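Enquirer:
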Amino acid sequence: MTIRAVVRGVGHYLPERVVPNSEFEARVDTTDEWIRSRTGIERRHFAAEGETTSDLGAKAATRALADAGLTAGDLDAIIVATSTPDLTFPSAATMVQAKIGMTNGFAFDVQAVCAGFVFALANANALILSGQAKRILVIGAETFSRILDFSDRTTCVLFGDGAGAVLLEAADGTGTSDDRGILAADLNSDGSYRDLLYVDGGPSTTGTAGHLRMQGNQVFRHAVEKLAQTAHAALDKAGLTGGDVDWIVPHQANLRIISATANRMQVPMERVVVTVQDHGNTSAASIPLAMSVGKERGQIKTGDLIVTEAIGGGLSWGAVVLRW
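Just so we're on the same page, the numbering used here is the position in the sequence shown counted from 1, plus 1306.
#1: Skipping 5 residues on each side, what residues in its chain have a beta carbon closer than 7 Å to that of alanine 1364?
#2: Using three-state DSSP, classify threonine 1377 as helix, strand or coil.
#3: Alpha carbon to alpha carbon, what distance is there between serine 1510 and serine 1598?
#4: Rounded to whole angstroms, what is the Cα-Cα separation between valine 1582 and leucine 1454?
#5: Relative to the alpha-carbon of aspartate 1382, which residue among Ala1534, Phe1526, Asn1410 and Ser1436 has its alpha-carbon at the smallest distance?
#6: Compute the distance between the beta-carbons of proline 1594 and histidine 1351, then report whether it is under 8 Å.
#7: From what residue to what residue does the alpha helix (DSSP H) around asparagine 1523 run?
#8: If you drop the 5 nearest sequence neighbours on each side, which residues of the same chain put their C-beta closer than 6 Å to that of serine 1592?
#9: From the DSSP secondary-structure annotation, give me the bridge partner or partners of proline 1326.
#10: Tell me, which residues are paired with leucine 1318 by DSSP?
#11: Helix, strand or coil for isoleucine 1406 per DSSP?
#12: Would leucine 1611 pass as a contact of valine 1580 if the rule is Cβ separation under 8 Å?
#13: Can you tell me where the beta strand (DSSP E) holding serine 1495 begins and where it ends?
#14: Using a Cβ distance threshold of 8 Å, determine whether the stretch 1611 to 1628 contacts the stretch 1440 to 1450, with at least three qualifying pairs required.
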């Protein structure tokens, strides 16, 4: 018998404030048409003053628990993927743990920028397979609006705030690709590309939070190439191909990247969950947000084969194959 980490519940939360593209027209030299045509983004959500990453994560966590029919006391661990924690320390995960009333188990953060949720899923899977935990809440939560340079039109229009959560539970499987749960993961990074996407501040350099900086054209080129490669690598590990995929749930950074990656995987866009138009790039939150929305829409159903992939600063990139 094989142990699998199976999705038991999902949930998401978006801040109340909706920011349409038109709001940027008065701040920087851009237009709604320019943003839509190059990114597919139409609007995004920004956290309210005083609303933190752990606040968003806790609300998504509560909804995922409700979806699973469980309580905080049923959890063994919480992993939060984020690049915008409330504080340098303690971890946002421990703050979520306190906010949902979980007093047992353990909690920690994972930081791999936009690829963070994929890395967190892989870590949660390993903890479950090793017997360290039976139920883990994996959360992606970000308040990227706090690190944007609103005078830089190439970056400030791209990002939004939000959180998504997936509750994984240990279950028996047969050891075949027909099992529900996480079937394979592929993780990668290459620090030589650091200057393509980074934040120009930190406690050991400037002592400030800093602002996001990006070489958009270079990131786009690497994203299309590396996302398709990592997705195929994960599928190969699971003994599957692109033809077996029911849904791609990609990192929601840019509609052109999403479309180009699906094309390379030979998966039609009709089988891709797309939310970037409504959320913008929510970094580590984008995949669990899309999973939750995809289930809510009736797209993702029990037994569906899902491929999820992401690339972020580092550069760090990876993919997870799972059966819902």
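Quick reminder that beta carbons are idealized off the backbone N, C-alpha and C, glycines included. It should be emphasised that the depicted structure is a prediction, and the values quoted were computed from it without experimental measurement.
Expert: Based on what the coordinates show:
#1: For the purposes of this step, residue 1364 is identified with residue 58 of the sequence shown, where counting begins at 1. So the list reads Val1402, Lys1405 and Ile1406, once near-sequence residues are dropped.
#2: In the sequence shown, counting from the first residue as 1, residue 1377 sits at position 71. The answer is coil: DSSP assigns threonine 1377 none of H, G, I, E or B.
#3: The count along the sequence shown starts at 1 and reaches residue 1598 at position 292. The count along the sequence shown starts at 1 and reaches residue 1510 at position 204. The straight-line gap from Cα to Cα measures roughly 36 Å.
#4: In the sequence shown, the residue the question calls residue 1582 occupies position 276. In the sequence shown, the residue the question calls residue 1454 occupies position 148. So the two alpha carbons sit approximately 18 Å from each other.
#5: Position 76 of the sequence shown, counted from the first residue, corresponds to residue 1382. If we check each option's Cα against that of aspartate 1382, Asn1410 comes out closest.
#6: As a working mapping, residue 1594 is identified with position 288 in the sequence shown. As a working mapping, residue 1351 is identified with position 45 in the sequence shown. No, they are not a contact pair.
#7: Numbered from its first residue, the sequence shown carries residue 1523 at position 217. From DSSP, the alpha helix (DSSP H) with asparagine 1523 extends over 1522 to 1544.
#8: Walking along the sequence shown from the start, residue 1592 turns up at place 286. Here the set comprises His1557 and Gln1558.
#9: Stepping through the sequence shown from its first residue, residue 1326 is reached at position 20. Paired residue(s): Arg1349.
#10: The residue you call residue 1318 lines up with position 12 of the sequence shown. Looking at the sequence shown, residue 1318 is not leucine but histidine. Beta-bridge analysis with DSSP links histidine 1318 to Gly1470.
#11: By one-based count along the sequence shown, residue 1406 stands at place 100. Note: isoleucine 1406 maps to coil in three-state DSSP.
#12: Residue numbering aside, residue 1611 sits at position 305 when the sequence shown is read from its first letter. Residue numbering aside, residue 1580 sits at position 274 when the sequence shown is read from its first letter. Valine 1580 sits away from leucine 1611, with the two beta carbons spaced by 8 Å or more.
#13: Working through the sequence shown from its first residue, we reach residue 1495 at position 189. Taken as a continuous stretch (DSSP letters only), the beta strand (DSSP E) holding serine 1495 covers 1487 to 1495.
#14: no
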